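Numbering (the numbering used here), first residue to last: 216 to 685. Glycine included, every Cβ here is placed at the ideal spot set by N, Cα and C. Source: prediction; values computed, not measured. Notes follow once the structure below has been shown.
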């Protein structure tokens with residue numbers, strides 16, 4: 216689906232009435248889940264006494280409780296009550312070969328015979344993995360492992376400031392770049408500012424600037440505004456648009472950002488935590504024909520094995536991370552006991568090999584294409600304004616467009632929150648039918664997903680649409 220059509224359809228959803236699953240229907244669904252998953256329900260009550268909120272991951276479905284999973288294989292999950300689920304969350308994008316991919320698992324087992332993750336010294340897979348990454352991503356001359364995408368993004372803006380001798384960082388409104396102090400600004404929803412920045416001193420944001428998605432004119436205005444105030448160190452973007460393309464950007468947007476960065480002497484930072492090796496082995500930068508100065512990676516780098524994150528880019532920039540107290544130049548502090556450990560690096564090395572061999576990105580993308588066709592046919596059959604689109608294997612389906620609302624407009628915050636609850640209800644209704652999604656609004660296709668898995672998703676969503684008065 217073309218960008219302009221996506222924007223037009225989003226506008227229609229925002230301006231139209233909200234048609235939601237009735238409260239009485241949701242009450243029945245929650246009761247059914249409790250009966251279907253009694254052990255999970257019990258464990259969740261116990262977990263709330265030991266874990267804040269009762270669970271760790273922010274993208275899992277928590278209404279009416281979090282289901283406890285026991286096993287994962289291929290495209291499926293099984294909970295502690297032996298219920299089977301088709302998983303379209305795919306580890307929040309960490310999985311593309313399928314859960315528990317055996318060839319990779321066997322390689323990790325082999326490595327574990329000789330070392331553990333706390334060996335601390337250089338291991339051979341560290342070099343092998345980096346050379347493999349460089350093979351696929353030409354913009355990377357030097358690469359450093361981290362333990363998460365959050366750490367990689369922290370390191371990226373730190374080294375950008377060191378290299379350029381400038382302080383200001385521009386992000387695209389709504390973009391998610393981890394939970395570090397400076398990055399929890401204008402996250403998820405453009406215009407939200409510091410609404411989610413609890414416990415973070417406001418001075419942490421004095422050098423962070425947010426620009427509305429797709430507004431290259433506003434971006435250049437910020438460059439001009441700060442040109443005489445020591446300038447902009449870098450611009451960090453999710454190349455598909457904020458929230459993995461939930462707020463999509465125009466096809467020429469990334470190229471426009473690249474040109475402005477070059478014009479004003481700022482570094483372009485691509486956050487490819489989700490898109491790296493999923494949009495193709497060359498990532499989103501190859502897809503868009505853009506050469507960022509720095510690129511961050513995360514979850515898919517090791518296919519979900521811990522602890523996963525990394526930053527790569529130009530040698531003259533990355534050399535500021537040179538380790539050791541004898542390093543002569545100005546050094547950027549970025550260290551950690553488990554950085555580049557044998558498990559992480561072996562999982563990266565072998566995982567990327569298997570992704571290339573299996574043509575995982577291409578095959579998963581074909582499933583993403585099928586997903587969108589089937590979903591849009593379903594929406595048309597029901598006569599609803601909902602729609603689906605995809606970026607290769609990253610699939611998005613819009614029902615209420617809560618995240619796309621302009622919260623600068625009076626009344627839209629409350630409206631967006633209500634719509635977000637409606638999206639959550641769809642996710643709960645899907646879960647009750649044995650389908651796991653990312654909050655009922657998006658998902659990630661994998662090599663393991665079959666036509667049968669897709670049909671189960673479509674049938675479940677068909678049932679959901681029948682619940683909604685329209």
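Quiz item: When the Cα atoms are used, what is the spatial distance from residue 441 to residue 305?
Solution: The residue you call residue 441 lines up with position 226 of the chain shown. The residue you call residue 305 lines up with position 90 of the chain shown. Cα to Cα, residue 441 sits roughly 41 Å from residue 305.
Contact between the stretch 475–483 and the stretch 396–415: three or more CB pairs below 8 Å? no
- Could you pull out every residue in the same chain whose Cβ sits closer than 6 Å to the Cβ of residue 373, ignoring the five residues on either side in sequence? Position 158 of the chain shown, counting from 1, holds the residue named residue 373. Taken in chain order, the residues that qualify are 547.
task: Give me the Cα-Cα distance between residue 512 and residue 311, rounded to the nearest whole angstrom.
output: Within the chain shown, numbered from 1, the residue matching residue 512 stands at position 297. Within the chain shown, numbered from 1, the residue matching residue 311 stands at position 96. The alpha-carbon atoms of residue 512 and residue 311 are separated by roughly 15 Å.
TODO: Report the three-state DSSP secondary structure of residue 497 (helix, strand or coil).
DONE: Within the chain shown, numbered from 1, the residue matching residue 497 stands at position 282. Here residue 497 sits in coil by DSSP.
Handout entry: Supposed contact pair residue 489 and residue 390 - C-beta distance, whole angstroms, cut 8 Å
Key = As a working note, residue 390 is residue 175 in the chain shown. As a working note, residue 489 is residue 274 in the chain shown. At roughly 11 Å, the Cβ-Cβ gap does not stay under 8 Å, so residue 390 and residue 489 are not in contact.
Legend entry - Assigned exposure category for residue 674 - 16 Cβ within 10 Å defines buried: Numbered from its first residue, the chain shown carries residue 674 at position 459. Looking at its Cβ environment, which holds fewer than 16 other Cβ atoms inside 10 Å, residue 674 is exposed.
Quiz item: Which ranges would you report for the beta strand (DSSP E) in the stretch 539–590 if only whole runs of at least 3 residues count?
Solution: none
Check your understanding: Cβ of residue 656 within 8 Å of Cβ of residue 638?
Key -> Taking the chain shown and counting its residues from 1, one reaches residue 656 at position 441. Taking the chain shown and counting its residues from 1, one reaches residue 638 at position 423. For residue 656 and residue 638, yes; Cβs fall inside 8 Å.
Check: Could you give the distance in angstroms between the alpha-carbon of residue 612 and the alpha-carbon of residue 553?
Finding: Your numbering for residue 612 matches position 397 in the chain shown. Your numbering for residue 553 matches position 338 in the chain shown. Rounded to whole angstroms, residue 612 to residue 553 spans 38 Å at the Cα level.
Query - residue 656: first and last residue of the uninterrupted alpha helix (DSSP H) it sits in - result: The sequence position of residue 656 within the chain shown is 441, counting from 1. Looking at the DSSP string, residue 656 is not in any alpha helix (DSSP H), and its letter there is neither H nor E.
Original post:
Should residue 530 go down as buried or exposed, given a rule of 16 or more other Cβ atoms within 10 Å for buried?
Top reply: Counted from its first residue, the chain shown places residue 530 at position 315. Exposed.
Notebook entry, point to check: Once you ignore the five residues that flank residue 606 on each side, which residues in its own chain have a CB closer than 7 Å to its CB?
Noted result: On the chain shown, residue 606 is found 391 positions in, with the first residue counted as 1. Cβ within range, chain order: 455, 460, 494.
Which residues does DSSP pair with residue 299 in a beta bridge?
-> Numbered from its first residue, the chain shown carries residue 299 at position 84. Residue 299 is bridged to 293.
Between which two residues does the alpha helix (DSSP H) harbouring residue 219 extend?
As a working note, residue 219 is residue 4 in the chain shown. That run of the alpha helix (DSSP H) goes 218–230.
DSSP beta-bridge partners of residue 611: Against the chain shown, residue 611 aligns to sequence position 396. Per DSSP, 604, 657.
Taking a contact to mean a Cβ-Cβ separation below 8 Å, would you say residue 500 touches residue 608 in this structure? Against the chain shown, residue 500 aligns to sequence position 285. Against the chain shown, residue 608 aligns to sequence position 393. Their beta carbons are not under 8 Å apart, which means residue 500 does not touch residue 608 by this criterion.
Would you please state the rounded distance, in angstroms, between the beta carbons of residue 616 and residue 229? I believe it to be under 8 Å.
Stepping through the chain shown from its first residue, residue 616 is reached at position 401. Stepping through the chain shown from its first residue, residue 229 is reached at position 14. Their Cβ separation, rounded to whole angstroms, is 5 Å, which keeps residue 616 and residue 229 in contact under 8 Å.
Legend entry - Every unbroken alpha helix (DSSP H) inside the stretch 433–504 [4 residues or more]: 457–460, 468–479, 498–503
For residue 509, the nearest candidate out of 557, 447, 370, 424 (CA to CA): Translated into the one-based positions of the chain shown, residue 509 becomes position 294. The residue with the shortest Cα to Cα distance from residue 509 is 370.
Closest by C-alpha distance to residue 518, when choosing among 403, 664, 545, 307: Along the chain shown, read from residue 1 onward, the residue named residue 518 stands at position 303. For residue 518, the nearest C-alpha among the options comes from 307.
Original post:
Along the chain, where does the alpha helix (DSSP H) that runs through residue 374 open and close?
Top reply: If you number the chain shown from 1, residue 374 lands on position 159. From DSSP, the alpha helix (DSSP H) with residue 374 extends over 364–379.
From residue 243 to residue 651, what does the alpha carbon distance come to, in whole angstroms?
-> Indexing the chain shown from 1 puts residue 243 at position 28. Indexing the chain shown from 1 puts residue 651 at position 436. Distance between the alpha carbons of residue 243 and residue 651 is about 19 Å.
Which residues bound the beta strand (DSSP E) around residue 337? Counted from its first residue, the chain shown places residue 337 at position 122. Careful: residue 337 lies outside any beta strand (DSSP E) and carries neither H nor E.
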